[in-house]
Amino acid sequence: MVAIAHREAPPRRPGRPAPGLVMAGLALLLAVAAGVGLFQGAAETSVRAALWGEGASLRDHVIVWDIRLPRLVLGALVGAALAVSGALMQGLFRNPLADPGLVGVGAGAGLGAVLAIVLGGLLPPAVLAVAGVWTVPLAAFAGGWITTLVLYRVATRGGRTSMATMLLAGIAIAALAGALTGVMIYLADDRQLRDLTFWGLGSLAGANWAKVQAGAPLMLAVLLAAPVLARGLNGLALGEAAAHHMGIPVERVKSATILLVAAATGAAVAVSGGIGFVGIVVPHLLRLVMGPDHRGLLPAAALLGAAVLILADTLARILVAPAELPIGIVTAVLGAPVFLWILLRRRALLEV
Amino acid sequence: MLTATDIHLSLGGRPVLNGVDFTARPGQITAIVGPNGSGKTTLLRALTGELRPRGAITLDGQDCARLPPAEMAARRAVLPQAGAVAFPFTLREVVQMGLSAGLSAARPEVVGQALRAVDLAAHADRLFQELSGGEQARGHLARALAQVWEPVVAGVPRWLFLDEPVASLDIGHQLQVMALMADYAARGGGVIAVMHDLNLTAMFAAQITLLNRGRVEAAGPPGAVLADRPLSRAYGTALRVNVTPPPGHVFVLPQTAAAV
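As they're listed, the protein sequences go chains C and U.
Quick note on the numbering used here: the first sequence kicks off at 21 and runs consecutively.
Quick note on the numbering used here: the second sequence kicks off at 45 and runs consecutively.
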């Protein structure tokens, strides 16, 4: 008897969990990640005593309040900013593989940051006084913004984005930014070289409240503003013409998205160097679980991005304790296979 | 009423529309026909505001170029020729997007009604990307329909702009969609459709504009436009229009004769 292979009825969408449930779960995950991040570390510390001030030693107090806590806050902000800017960029390019780190926006932002570190002293004192600690983040934002604008111009024609063009243009832009960054390093003096080296390590090591203060305003602004674009990005998924027909101010949505991507990437790069793959993996996982609707996706990406980066940072700190891995290595090891998996599943995307 | 006067438009330096006049009234289907490359889709894209041509286009007395996108979206919905959807949205979510762009946004039941109207109610929770070509075309039609669900609001007609709404459909669904368009028009809405199938056009359209190389070859009711001379000139081939006799009359086609 031969089994007859008949085509099965097309699968119905298995009930996606309610967005509220997903958010609650992600918030819980973030809380757990924060707890683990706070309690795990190279130094034996009485965290509880330090937090609640019950006769903790000065050493414990410093470890918790001046080392682990700012690192935790910075990690959460950077993770949220990277994941949200990935989701925004994927919405803008209508492609799940777009990520600021991969297509040169991170490199452009990095060039901006390096320019600010090396040439910042040449700025008029009045400008420096106003920009203050935000000089490097703002310069990174400007670098990321210019890169994204160039990239969109090159890769998108008549509302359609060629994935191949975008990735190749990203390689060219990253190479150019890398070369100019090299020139800056050549020009830098000893003190600036030290700054550049620490910054270029691409990790959350050396997080302090000053860095949080420098990066937080831009990142928080993006996290709060992104959901406003959700409906516009949903419409863009049907194509620019269809979005226009549905009353969406397409050009405004695109410009605002580019600005937000550049701001979040710039601020994240400025305080933590280049951390890859969070922007691809987090939105992709969320689309699998809760669907692609940006109204839920953007806030959820912020929560999951924060949790993922805190956990990755905790791993980076404890795997080779008392030394630590650069966090970029951890996210790449976890993220690159996921990226390849998406690529294999959706090979047709590249043949645009 | 939609009026376009003396429309000129070039794409990539090549003139596509040369002084086209076009009128459509609510309450009936107005079809745009013509050979490939005659400017049908370009005319429709100009009428929807997607392209900005030279000439004047007014929708119920208002200059289309001055209406903001949200206002236009409340007045008319557009079905493009083909529309790939990025990201795994379900059919229901896509139709929901159309609904939220129009005036019936507060009535969630419209999504199901629009899907029933295009015979896709059973597929609401499938991923749009996994639907067949014909199902996707009907899914987009449901989205457009949901956007302007009520054909008349406060005495002002809503409009459907459809680019080849039946091109990828089987004959059963072709007739179903044409009937749906006729029903929308009968309830007071305006329907403008780019069509390839001249037989379906003759069956359902009240007014036809025949384009030929960016100009209007003929415009008017089917009897006047679908005639031997204009059709032969536009399509560049000798065409003959036929009429079947009234019911009950037997007739014989001599073309069917073969040597015995």
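For every residue, glycine included, the Cβ atom is placed at its ideal position computed from N, Cα and C.
Asked	Found
Complete runs of the alpha helix (DSSP H) confined to the segment 252-317 of chain C [at least 4 residues]	260-265, 270-292 and 298-310
Chain C contacts made by the segment 241-262 of chain U, where a contact means CB separation under 8 Å	none
Contacts around U/L213, its chain only, beta-carbon distance under 6 Å, and the 5 residues preceding and following it disregarded	G178
Closer than 7 Å to chain C by CB, U/G292	no
Identity of the residue in U/P195, U/R136, U/H217 and U/G56 nearest U/Q72 by Cα	U/P195
Proximity test, Cβ basis, 7 Å: C/G267 and chain U	yes
Chain U within 7 Å of C/G259, Cβ atoms only	yes
heavy atom of the ligand GDP below 6 Å from U/G267 C-beta	The ligand GDP is not among the ligands present in this structure, which contains no ligands whatsoever.
Buried versus exposed call for U/L305 [16 or more other C-beta atoms within 10 Å across all chains shown]	Outside the displayed span of chain U (45 to 304) sits residue 305 of chain U, for which this structure offers no information.
Those residues which DSSP pairs with U/I51 across a bridge	U/V64
Partners in chain U for C/G40, counting only beta-carbon separations shorter than 8 Å	In chain order: nothing, as chain U lies at least about 17 Å away.
Distance CB(U/L53)-CB(U/L46) smaller than 7 Å	no
Stretch pair the segment 228-236 of chain C + the segment 84-101 of chain U: three plus CB contacts closer than 8 Å	no
U/V138: first and last residue of the uninterrupted alpha helix (DSSP H) it sits in	L135 to A145
Assumed close pair U/G183, U/V154 - CB separation to whole angstroms, cut-off 8 Å	Going by Cβ atoms, the distance from U/G183 to U/V154 rounds to 15 Å, so no, they are not a contact pair.
C/A341 versus C/A127 - alpha carbon distance	30 Å
Burial state of C/N254 (16 or more Cβ within 10 Å)	buried
Residue-chain proximity (U/A130, chain C), Cβ-Cβ < 7 Å	yes
Cβ pair C/I338, C/Q60 closer than 7 Å	yes
contact_flag[the segment 114-122 of chain U, the segment 265-277 of chain C] where n(CB pairs < 8 Å) is 3 or more	yes
Coarse secondary structure for U/F205, derived from DSSP in three states	strand
Near-chain U residues of the segment 307-321 of chain C (beta-carbon distance less than 8 Å), N- to C-terminal order	R307, G311, P312 and D313
C-beta contact flag for C/V242 and C/A284 at 7 Å	yes
Nearest neighbour of C/V123, chosen from C/L200, C/A175 and C/A290 [CA to CA]	C/A175
Which listed residue (U/V269, U/F295 and U/H293) has its alpha carbon closest to that of U/R284	U/V269
Same chain, Cβ closer than 6 Å to U/T67, neighbours up to 5 away in sequence not counted	T47
For U/P112 and C/V170, the rounded distance between their alpha carbons	28 Å
Below-7 Å beta-carbon distance, C/A262 vs any chain U residue	yes
Within 7 Å, strictly: CB atoms of U/F248 and U/A226	yes
CB contact check: U/A211 to chain C, cutoff 7 Å	no
Contact set between the segment 137-149 of chain U and chain C, restricted to residues whose Cβ is under 8 Å from the partner	E137, V138, M141, G142, S144 and A145
Per-residue burial, C/L364 [other beta carbons within 10 Å of its own, 16 or more giving buried]	exposed
Residue range of the alpha helix (DSSP H) that includes U/I76	Not the alpha helix (DSSP H): U/I76 falls in the beta strand (DSSP E), residues I73 to V77.
Exposure of U/F295, with buried meaning 16 or more beta-carbon neighbours within 10 Å	exposed
Proximal residues of chain C, C-beta to C-beta of U/T92 below 7 Å	H265
is_contact[U/I233, chain C] using C-beta, thresh 7 Å	The question names Ile, yet the displayed sequence has Gly at residue 233 of chain U. Cβ-Cβ to chain C under 7 Å: no for U/G233.
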